[in-house]
Amino acid sequence: MTSIYDFTVTDEQGNAYQLDRYKGQPMIIVNTATKCGLAPQFNELETLYKKYADQGLVVLGFPSNQFKQEENTTAAAAEACRMTYGVTFPMHDIIQVNGDSASPLFKYLKHEQPGTLGSAIKWNFTKFLVDKDGHVIKRYAPQTEPSKIEPDLQAVL
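Be aware that the sequence shown starts at 8, since it is given in the numbering used here, and climbs by one per residue.
Quick look at the structure:
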(Lines of atoms letter the chains of each structure in order from A and count residues from 1; the text may use other names and numbers.)
(Lines give C-alpha, C1' and ligand atoms only; values in the text may rest on other atoms or scores of the structure.)
Protein backbone atom coordinates (compact mmCIF):
# COMPACT_ATOMS: atom_id res chain seq x y z
CA MET A 1 0.00 0.00 0.00
CA THR A 2 1.35 3.40 -0.96
CA SER A 3 1.86 6.07 1.67
CA ILE A 4 2.91 9.71 1.56
CA TYR A 5 6.30 8.59 2.87
CA ASP A 6 7.00 6.51 -0.27
CA PHE A 7 7.38 9.56 -2.49
CA THR A 8 10.62 11.15 -3.57
CA VAL A 9 10.55 14.88 -4.29
CA THR A 10 13.17 17.36 -5.46
CA ASP A 11 13.98 20.48 -3.46
CA GLU A 12 14.71 23.89 -4.95
CA GLN A 13 18.45 23.11 -5.12
CA GLY A 14 17.79 19.98 -7.20
CA ASN A 15 18.34 17.49 -4.37
CA ALA A 16 16.00 14.50 -4.33
CA TYR A 17 14.77 13.21 -0.98
CA GLN A 18 12.07 10.92 0.35
CA LEU A 19 9.14 12.35 2.31
CA ASP A 20 9.76 9.81 5.06
CA ARG A 21 12.10 12.42 6.53
CA TYR A 22 8.89 14.04 7.86
CA LYS A 23 7.49 10.91 9.54
CA GLY A 24 5.73 11.90 12.74
CA GLN A 25 5.22 15.49 11.57
CA PRO A 26 2.06 17.11 10.26
CA MET A 27 2.44 18.65 6.81
CA ILE A 28 0.70 21.23 4.68
CA ILE A 29 1.49 20.51 1.04
CA VAL A 30 0.59 23.26 -1.42
CA ASN A 31 1.04 23.98 -5.12
CA THR A 32 2.24 27.55 -5.49
CA ALA A 33 2.75 30.26 -8.09
CA THR A 34 4.49 33.53 -7.31
CA LYS A 35 2.63 35.54 -9.98
CA CYS A 36 -0.83 34.34 -8.92
CA GLY A 37 -3.35 36.69 -7.36
CA LEU A 38 -3.45 34.27 -4.42
CA ALA A 39 0.32 34.57 -3.82
CA PRO A 40 -0.23 36.69 -0.66
CA GLN A 41 -1.20 33.34 0.91
CA PHE A 42 2.56 32.76 1.21
CA ASN A 43 2.43 35.17 4.17
CA GLU A 44 -0.19 33.13 6.05
CA LEU A 45 1.53 29.84 5.20
CA GLU A 46 4.76 31.25 6.60
CA THR A 47 2.93 32.44 9.73
CA LEU A 48 1.52 28.95 10.34
CA TYR A 49 4.92 27.40 9.66
CA LYS A 50 6.66 29.61 12.21
CA LYS A 51 3.87 29.33 14.78
CA TYR A 52 3.78 25.52 14.78
CA ALA A 53 7.31 24.54 13.72
CA ASP A 54 8.23 23.72 17.31
CA GLN A 55 5.34 21.21 17.29
CA GLY A 56 6.69 19.60 14.14
CA LEU A 57 4.68 21.29 11.38
CA VAL A 58 6.30 21.45 7.99
CA VAL A 59 4.89 23.38 5.04
CA LEU A 60 6.04 22.10 1.65
CA GLY A 61 5.68 24.40 -1.34
CA PHE A 62 5.61 22.98 -4.86
CA PRO A 63 5.73 25.65 -7.56
CA SER A 64 3.76 24.89 -10.70
CA ASN A 65 3.51 26.84 -13.91
CA GLN A 66 0.57 24.74 -15.09
CA PHE A 67 -1.67 27.82 -14.81
CA LYS A 68 0.94 30.13 -16.41
CA GLN A 69 1.58 32.17 -13.25
CA GLU A 70 5.02 31.03 -12.15
CA GLU A 71 8.58 31.99 -12.97
CA ASN A 72 10.32 30.01 -15.72
CA THR A 73 12.88 28.38 -13.44
CA THR A 74 12.86 26.81 -10.01
CA ALA A 75 15.62 29.19 -8.87
CA ALA A 76 13.62 32.26 -9.91
CA ALA A 77 10.47 30.93 -8.22
CA ALA A 78 12.33 30.19 -4.99
CA GLU A 79 13.98 33.61 -5.02
CA ALA A 80 10.60 35.32 -5.50
CA CYS A 81 9.19 33.35 -2.56
CA ARG A 82 12.08 34.30 -0.31
CA MET A 83 12.52 37.93 -1.38
CA THR A 84 8.88 38.96 -1.91
CA TYR A 85 7.14 36.89 0.75
CA GLY A 86 9.88 35.99 3.24
CA VAL A 87 9.25 32.26 2.84
CA THR A 88 11.50 30.04 4.97
CA PHE A 89 9.63 26.75 4.58
CA PRO A 90 10.95 24.17 2.08
CA MET A 91 10.30 24.95 -1.57
CA HIS A 92 10.69 22.44 -4.37
CA ASP A 93 11.34 22.01 -8.07
CA ILE A 94 8.64 23.29 -10.45
CA ILE A 95 6.16 20.46 -11.13
CA GLN A 96 2.97 19.65 -13.02
CA VAL A 97 -0.09 19.03 -10.84
CA ASN A 98 -2.54 17.77 -13.50
CA GLY A 99 -2.41 15.53 -16.54
CA ASP A 100 -0.18 12.66 -17.57
CA SER A 101 2.96 14.52 -16.48
CA ALA A 102 1.62 15.35 -13.02
CA SER A 103 3.95 14.76 -10.11
CA PRO A 104 3.37 11.30 -8.58
CA LEU A 105 2.98 13.01 -5.19
CA PHE A 106 0.15 15.20 -6.48
CA LYS A 107 -1.49 12.24 -8.23
CA TYR A 108 -1.51 10.53 -4.83
CA LEU A 109 -2.80 13.59 -2.96
CA LYS A 110 -5.65 14.01 -5.46
CA HIS A 111 -6.53 10.33 -5.19
CA GLU A 112 -6.62 10.51 -1.39
CA GLN A 113 -8.64 13.75 -1.29
CA PRO A 114 -10.52 14.40 -4.54
CA GLY A 115 -11.91 17.89 -5.00
CA THR A 116 -15.46 18.99 -5.69
CA LEU A 117 -14.72 18.96 -9.44
CA GLY A 118 -13.09 15.54 -9.38
CA SER A 119 -9.45 14.92 -8.79
CA ALA A 120 -8.00 17.78 -10.86
CA ILE A 121 -6.26 20.68 -9.17
CA LYS A 122 -8.31 23.64 -10.35
CA TRP A 123 -5.87 26.44 -9.45
CA ASN A 124 -2.75 27.47 -7.59
CA PHE A 125 -2.70 27.24 -3.78
CA THR A 126 -4.69 24.04 -3.42
CA LYS A 127 -3.63 22.86 0.02
CA PHE A 128 -3.50 19.36 1.55
CA LEU A 129 -3.26 18.66 5.28
CA VAL A 130 -1.36 15.50 6.23
CA ASP A 131 -1.40 14.18 9.81
CA LYS A 132 1.57 12.85 11.82
CA ASP A 133 0.88 9.32 10.57
CA GLY A 134 1.00 10.34 6.91
CA HIS A 135 -2.75 10.29 6.25
CA VAL A 136 -4.03 12.94 3.86
CA ILE A 137 -6.73 14.42 6.10
CA LYS A 138 -8.23 17.23 4.07
CA ARG A 139 -8.00 19.20 0.84
CA TYR A 140 -8.58 22.95 0.81
CA ALA A 141 -9.64 25.07 -2.15
CA PRO A 142 -7.25 27.67 -3.56
CA GLN A 143 -9.37 30.49 -2.12
CA THR A 144 -9.29 29.01 1.40
CA GLU A 145 -6.98 31.25 3.36
CA PRO A 146 -4.31 29.28 5.22
CA SER A 147 -5.44 30.78 8.55
CA LYS A 148 -8.77 28.94 8.06
CA ILE A 149 -6.84 25.64 8.17
CA GLU A 150 -5.57 26.35 11.68
CA PRO A 151 -8.37 24.56 13.62
CA ASP A 152 -7.85 21.38 11.56
CA LEU A 153 -4.09 21.76 11.93
CA GLN A 154 -4.34 22.08 15.70
CA ALA A 155 -6.33 18.83 15.79
CA VAL A 156 -3.45 16.91 14.16
CA LEU A 157 -0.56 18.47 16.08
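Just so you know, even glycine gets a beta-carbon here, dropped at the ideal spot from N, CA and C.
Here the C-alpha atom of Asn72 lies approximately 24 angstroms from the C-alpha atom of Tyr56.
Residue Asp27 holds the alpha-carbon nearest to the alpha-carbon of Val65 among Asp27, Gln20, Ile102. Going by C-alpha positions, Trp130 is about 30 angstroms away from Asp61. Counting along the chain, the unbroken alpha helix (DSSP H) around Val163 starts and ends at 157 to 163. Counting the other CB atoms within 10 Å of its CB gives Gly68 a total of 16 or more, which places it among the buried residues. Around the C-beta of Gln150, fewer than 16 other C-beta atoms lie within 10 Å, and the residue is accordingly described as exposed. Leaving aside the five residues that flank Met98 on each side, the residues in its chain whose CB is nearer than 6 angstroms to its CB run, in chain order, Glu19, Gly68, Ala85, Cys88.
Note that the segment 106 to 113 does not touch the segment 75 to 85; fewer than 3 beta-carbon pairs, one per stretch, sit closer than 8 angstroms.
Between Phe135 and Thr39, the C-beta gap is not smaller than 8 angstroms, which leaves the two residues out of contact. In the DSSP assignment, Ala23 falls within the beta strand (DSSP E) that extends over 23 to 25. Beta-carbon to beta-carbon, Val163 and Ile36 are separated by about 13 angstroms, too far to satisfy the 8 angstroms threshold.
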